[in-house]
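**Q** Can you keep this structure in mind? I'll have questions shortly.
Protein chains: 2
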Amino acid sequence: MIRLTLTALALIAPAAALAQDGTTLRGTGDLGVVIERATGSVLVVDQSDRAALCRVEGLGDLSHASLTFSPDERYAYVFGRDGGLSKVDILACTLENRVIQAGNSIGGAISDDGRLVAVSNYEPGGVNVLDADTLAPVAEIPMGSKTVGLADVPGSRFIVATWDDGEAWLLDHSADPANPQITRIPDVGANPYDALLTSDGRTYIVGLFGEKGLTTIDLWADPPTPRRILPDYGKNEPDLPVYKMPHLQGWTLAGATYALPAVGLHQVLWADAASGQETGRTDVAGQPVFVTARPDGRELWVNFAPPDNGKVQVIDSMTHEVKQTLEPGNGILHMEFTPRGREVWLSARDDDRVVIYDSRTYEKLAEIEAQAPSGIFFTARAHRTGL
Amino acid sequence: MIRLTLTALALIAPAAALAQDGTTLRGTGDLGVVIERATGSVLVVDQSDRAALCRVEGLGDLSHASLTFSPDERYAYVFGRDGGLSKVDILACTLENRVIQAGNSIGGAISDDGRLVAVSNYEPGGVNVLDADTLAPVAEIPMGSKTVGLADVPGSRFIVATWDDGEAWLLDHSADPANPQITRIPDVGANPYDALLTSDGRTYIVGLFGEKGLTTIDLWADPPTPRRILPDYGKNEPDLPVYKMPHLQGWTLAGATYALPAVGLHQVLWADAASGQETGRTDVAGQPVFVTARPDGRELWVNFAPPDNGKVQVIDSMTHEVKQTLEPGNGILHMEFTPRGREVWLSARDDDRVVIYDSRTYEKLAEIEAQAPSGIFFTARAHRTGL
């Protein structure tokens, strides 16, 4: 619709036959999108064929991008650093629409009915809510602060944390999308820099900058009230710049236990989810970035900050021991499991490729060329809360 | 390919435009399939439009049918009572293939790599494994017994229980699909009549006929060993015929607690998943059939056996109290939530319709005509283990 560029990369003929009316058909459950951070493009990939399908260009600054999918797994909403929101049709392989909704954005989410896309912004701050179909503005909620950790909450709701005020705002769009009912949750802590919603939509975990520990909020409680957990988190480490603080998307809740990157240490921490107390540590090969559970929760895969970002380690979730160390490539930025956990796809930014491993034999299965790949997002995310 | 009948029911034009090459495109993440039990047909439905797309006929005896989806969410494998296995292309709306793989079958599963479909059989017993692409036979595992409760286990594996011998068989097809490595787990209990695998693929729960209590098997243990739980399950009730025993698909694991139908009583039981001990009971409006958690786990929806099968009750998972009683129609056989839980679709067999409710306001949103609908299956199941 707007700036539309389409490059055929390695177009693969659909495996199945034509439909009765002569159209080409393809299911979308096994597709995915890879962010190419340096070129403002995304690569559409096919999990079953372990192949790239096509590239869509013209998405602006993707140096710190994330995305979310429509419920039908056809459209990807890509949130760029430059405030751009791009709607990509992964079936047609086109840039269907693109708007600059703010000056500097950091992430977004789609409502559980698939009708609203929300974006959290640094400049001018607050949250913008747009129509998922047209990308037309629906609501602007200024908040007077930079916002972080935006997530979808069941019931046409969103939650976000405010960097400047240390609050969480729960926005309920169910009655009137343009005028959300707002619940402000104060005293979350100084300078939330990131946040995470658990997959049941119940627990919002907020990372704090310039203060030790983290905060959780039980969204099933009435009213929802902040509770401090892991009071020693980052306590004995020198203060790091905010961009060196671990992403909360690097947390995993495996059963009743959190596994998370330590701050500034070569360790993965374990914490009891109910008590919020640390229960143990595992030494690993570098400063962890993401601690990602295989979908069955039996193993955790860990990648690392430089200079150890060529390694990936696998931890047994029962023994908490490292059982495997892999060297899949240079600049491993992201790990994405196929939905039922059979494979893991790794972006090797500095090798310009995505590397695919069997998650049980640790055997390399395939590679896909990509331009400085960062995030890998499979369409199954459309069906999950908090992504 | 074989008996192919296609009836246009209420064909809806795709919302989005044509692709550049003129083909019609549609994502499959929001599609679903409704079993029409009396007519041997299935209805393909669109969650976003709350509408039927088309009907596929000629699937044989669907009086006790289930189905599973390919990883791309394009194909439904429908397991019929008569030993028929039908592969339906839900995008093209065609019966792509159909084989009679045994004399009398009761359910099936698809491997986590999407390559193998397994079917458990009463006649002649055992498990047949077929190629998911062609439906050609890959392996026959006789077992000398009727089999029940077949489920996919991560790593190209399947598990099944044997009615006659009281065993569980774990089939590992990862090294050689045609010659699975077999692990037999004895002493599961007398006459397993149904079984369930938890969504992490770890715990296999087996229901026993002619013996009180149930058995769980931890598939992460080496060797996996049966453990008896809920020793009083069904103890004070008269012995029921096997077709009156609760389906184990009626169980729910919400957090660390099982919720399950009592045997022959108007009660839902609560049990601690770790200890296997009963922790409480909730009185409900009839003999429960399915106790189904809303995807966030905050509520459980319950339907009932005749004569109370016109009612549905909603239980609060924190207080264990009934908070809502609905009368959605006559002969409510199945409840299926949209993947992020915003809506619930109910099959009202005796009203020949599917009824759609908002799962938070309990407001009726729409109805879809269907011929004696039973099971409703949304494509998001493709991404989950044990379904």
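Respectively, the protein sequence lines represent chains X and Y. Numbered per UniProt numbering, the first sequence spans residues 1 to 387. Numbered per UniProt numbering, the second sequence spans residues 1 to 387. Cβ coordinates follow ideal geometry from the N, Cα and C atoms, glycine included.
(1) Any Cβ of chain X within less than 8 Å of the Cβ of Y/Phe377?
(2) From the beta carbon of X/Thr68, is the nearest beta carbon of chain Y less than 8 Å away?
(3) Give, in chain order, every residue of the segment 99-127 of chain Y whose Cβ lies closer than 8 Å to some Cβ of chain X.
(4) Run through chain X and tell me which residues come within less than 7 Å of Y/Leu365, C-beta to C-beta.
(5) Suppose you measure from the CA of X/Gly201 to the CA of X/Ala262; what does that come to, to the nearest Å?
(6) Are the C-beta of Y/Ala271 and some C-beta of chain X separated by less than 8 Å?
(7) With DSSP as the reference, label X/Val242 as helix, strand or coil.
(8) Buried or exposed: Y/Met143, going by 16 or more other Cβ atoms within 10 Å of its Cβ?
(9) Is DSSP giving Y/Gly255 helix, strand or coil here?
(10) Measure the CB-CB distance between Y/Gly264 and Y/Val289 and report whether it falls below 8 Å.
(11) For Y/Ile100, count the other beta carbons within 10 Å of its own beta carbon; 16 or more makes it buried, fewer makes it exposed. Which is it?
(12) Is Y/Arg3 helix, strand or coil when you go by DSSP?
(13) Straight-line CA distance for X/Lys244 to X/Asn330?
(14) Output the distance between the C-alpha atoms of Y/Gly341 and Y/Gln287, rounded to the nearest integer angstrom.
(15) Starting from the Cα of X/Leu197, find the closest Cα among X/Leu253, X/Ala178, X/Asp165, X/Phe209 and give me that residue.
(16) Keeping to the same chain, check which residues put their C-beta closer than 8 Å to that of residue 423 of chain X; ignore five residues upstream and five downstream.
(17) Should Y/Met318 go down as buried or exposed, given a rule of 16 or more other Cβ atoms within 10 Å for buried?
(18) In this structure, what does DSSP give as the bridge partners for X/Ile63?
(19) I need the straight-line Cα distance from Y/Trp163 to Y/Ile141, nearest angstrom please.
(20) Counting along the chain, where does the beta strand (DSSP E) carrying Y/Lys364 start and finish?
(21) Taking C-beta pairs closer than 8 Å, name the residues in chain X that Y/Ser48 reaches, listed in chain order.
(22) Taking 8 Å as the threshold (beta carbon to beta carbon), is X/Asp200 in contact with chain Y?
(23) In chain Y, which residues lie less than 9 Å from X/His320 when you measure between Cβ atoms?
(24) Output the distance between the C-alpha atoms of X/Thr325 and X/Gln313, rounded to the nearest integer angstrom.
(25) Does any residue of chain Y have a CB that is nearer than 8 Å to the CB of X/Arg298?
(26) Within 10 angstroms of its Cβ, does Y/Ala271 collect 16 or more other Cβ (buried), or is it exposed?
(27) Indicate whether Y/Asp113 and Y/Ser156 have their beta-carbon atoms separated by less than 8 Å.
(28) Helix, strand or coil for Y/Leu248 per DSSP?
(29) Starting from Y/Tyr77, trace the beta strand (DSSP E) in both directions and tell me its first and last residue.
(30) So, does the segment 123-132 of chain Y touch the segment 101-112 of chain Y, judging by three or more C-beta pairs under 8 Å?
(31) Mind listing the chain X neighbours of Y/Trp220? Cutoff is C-beta to C-beta under 8 Å, in chain order.
(32) What is the DSSP secondary structure of X/Thr379, counted as helix, strand or coil?
(33) Kindly indicate the opening and closing residues of the beta strand (DSSP E) around X/Lys311.
(34) Considering only C-alpha positions, which residue in the set Y/Gly60, Y/Asp72, Y/Ala285 is nearest to Y/Arg384?
(35) Go to residue 421 of chain X, then tell me how far its beta strand (DSSP E) extends in each direction, as first and last residue.
(36) Quick one: Cα of X/Gly255 to Cα of Y/Thr39, how far?
**A** Reading off the structure:
(1) no
(2) By this cut-off, X/Thr68 is not an interface position.
(3) Asp112, Asp113, Gly114
(4) By Cβ distance, chain X contributes nothing, its closest Cβ being about 11 Å from Y/Leu365, past 7 Å.
(5) Linking X/Gly201 to X/Ala262 through their CA atoms gives a straight-line distance of about 24 Å.
(6) no
(7) Under the three-state reduction of DSSP output, X/Val242 falls in the helix class.
(8) Residue environment: Y/Met143 is assigned as buried (16 or more neighbouring CB atoms within 10 Å of its CB, all protein chains considered).
(9) coil
(10) Cβ atoms of Y/Gly264 and Y/Val289: not closer than 8 Å.
(11) exposed
(12) Unreliable positioning characterises Y/Arg3 in this predicted model, as indicated by a pLDDT of 32, which lies under 50. A coordinate reading is not provided.
(13) 19 Å
(14) 25 Å
(15) X/Leu253
(16) The requested residue 423 of chain X is not part of the displayed model; chain X covers only 1 to 387.
(17) Counting Cβ neighbours within 10 Å, Y/Met318 comes out exposed, since fewer than 16 surround it.
(18) Checking the displayed sequence, the identity of residue 63 of chain X turns out to be Ser instead of Ile. X/Ser63 is not bridged to any residue.
(19) 15 Å
(20) 364-369
(21) Pro71, Asp72, Gly114
(22) yes
(23) The contacting residues do not exist; X/His320 stays about 14 Å from chain Y at best.
(24) 5 Å
(25) yes
(26) buried
(27) yes
(28) helix
(29) Residue range 75-79 is occupied by the beta strand (DSSP E) that includes Y/Tyr77.
(30) Flag = yes, the segment 123-132 of chain Y and the segment 101-112 of chain Y touch.
(31) By Cβ distance, chain X contributes Arg298, Met318.
(32) Here X/Thr379 carries a helix assignment [DSSP, helix/strand/coil].
(33) No beta strand (DSSP E) holds X/Lys311; DSSP gives it neither H nor E.
(34) Taking only the C-alpha atoms, the option nearest Y/Arg384 is Y/Asp72.
(35) The structure shown does not extend to residue 421 of chain X, since chain X is modelled only from 1 to 387, so the question has no answer here.
(36) 43 Å
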